[in-house]
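Each remark here refers to the structure printed beneath this line.
There are 2 protein chains.
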Amino acid sequence: MATALTPSEALDWVFAQPRTAKIGVVTRSGAPLVAPIWVARDGEAVIFNTGDDTAKGRAVRRDPRVSLCFDDEAPPFTFVTIAGTAEVIEDLAEVRRWAAVIGGRYMGEDQAEAYGERNGVPGELLVRVTPTKITAFADIAD
Amino acid sequence: MATALTPSEALDWVFAQPRTAKIGVVTRSGAPLVAPIWVARDGEAVIFNTGDDTAKGRAVRRDPRVSLCFDDEAPPFTFVTIAGTAEVIEDLAEVRRWAAVIGGRYMGEDQAEAYGERNGVPGELLVRVTPTKITAFADIAD
Chain A
6 MATALTPSEA LDWVFAQPRT AKIGVVTRSG APLVAPIWVA RDGEAVIFNT GDDTAKGRAV
66 RRDPRVSLCF DDEAPPFTFV TIAGTAEVIE DLAEVRRWAA VIGGRYMGED QAEAYGERNG
126 VPGELLVRVT PTKITAFADI AD
Chain B
6 MATALTPSEA LDWVFAQPRT AKIGVVTRSG APLVAPIWVA RDGEAVIFNT GDDTAKGRAV
66 RRDPRVSLCF DDEAPPFTFV TIAGTAEVIE DLAEVRRWAA VIGGRYMGED QAEAYGERNG
126 VPGELLVRVT PTKITAFADI AD
């Protein structure tokens, strides 16, 4: 029996391990685009890095509405979808600080500084997604 | 070093095991929505079931453009994003046939018929996505 998770339970599930988010945005043509991203948690917000000149970066500047989906692909299946509002942060110290946190989460702490240096450069952005609605179900096929 | 996959290699990777697709659509309000779905392969097309009265079902009737993303969340990371055009099929024999195939892929062959019966009923749809562009990279962090 599927179990609905509260927003707080859903965020705890998402960040209990380094899952990738699949972010959905709307491109200039009006078509949807989904891509995997690395994320970190800042309280109730979800943080990610992207480039100013990427499809994701351009899309969130046109329209701040994004959708983030996380799931466990194995039975009994769990998923979390976060509808949220994206804020673009260009301050390079912040971009670099979070790039290190995010790189460390997915590649190991020993790689954190390398990711901070690589992504903490002009043209790189930090995006902070504030959830507006979280939909989450655990153990769907149980 | 990331390796670009050809469309054929990308589809083979996607269907080598029962990965979930994360489908992106555009809702009536113009906001993106991403959700996990079960899929099957029909040649070059990707097939999934949904309900007539779901956000996904309504979205593909308004606009057939969808985005499907699959990824391996562990290092060195691989992802496939498929931009495609959705065709809605209401023929219940087809809905039921594919619901059994899809249920069997994710829950085991012994569950296939039960999924076919459960999802082969009025109000359930089959959606056939014909790829228009496939973007895929393997071993991204290698």
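Top to bottom, those sequences are chains A and B. Heads up, the first sequence is in the numbering used here, so the first residue is 6 and it goes up one at a time. Heads up, the second sequence is in the numbering used here, so the first residue is 6 and it goes up one at a time. From the three backbone atoms N, C-alpha and C, an ideal C-beta is built for every residue, glycine too. Since this is a predicted model, take the numbers as computed values, not measurements.
query: How big is the Cα-Cα spacing for G109 (chain B) and V93 (chain A)?; result: 43 Å
query: Would you identify the three-state DSSP class for P69 (chain B), choosing helix, strand or coil?; result: coil
query: Using the Cα positions of W43 (chain A) and W18 (chain A), report the straight-line distance between them to the nearest angstrom.; result: 15 Å
query: When you compare each of A:A36, A:G29, A:G113 and A:F20 to A45 (chain A) by their alpha carbons, which one comes out closest?; result: A:F20
query: Please classify P127 (chain B): is it buried, with 16 or more other beta-carbons within 10 angstroms of its beta-carbon, or exposed?; result: exposed
query: If you follow the beta strand (DSSP E) that E92 (chain A) is part of, which residue opens it and which one closes it?; result: T83 to I94
query: Just checking: is the beta-carbon of T55 (chain B) within a distance shorter than 8 Å of some beta-carbon in chain A?; result: no
query: Is DSSP giving D76 (chain B) helix, strand or coil here?; result: strand
query: In whole angstroms, give me the CA-to-CA distance for A79 (chain A) and G113 (chain B).; result: 12 Å
query: Identify, in the order they occur along the chain, each residue of the same chain with its Cβ nearer than 6 Å to the Cβ of A104 (chain A), setting aside the five sequence neighbours on each side.; result: N54, Y120, G121, N124 and G125
query: Going by the beta-carbon positions, is the gap between S72 (chain B) and P23 (chain A) smaller than 8 Å?; result: no
query: In this structure, does DSSP put G121 (chain B) in helix, strand or coil?; result: helix
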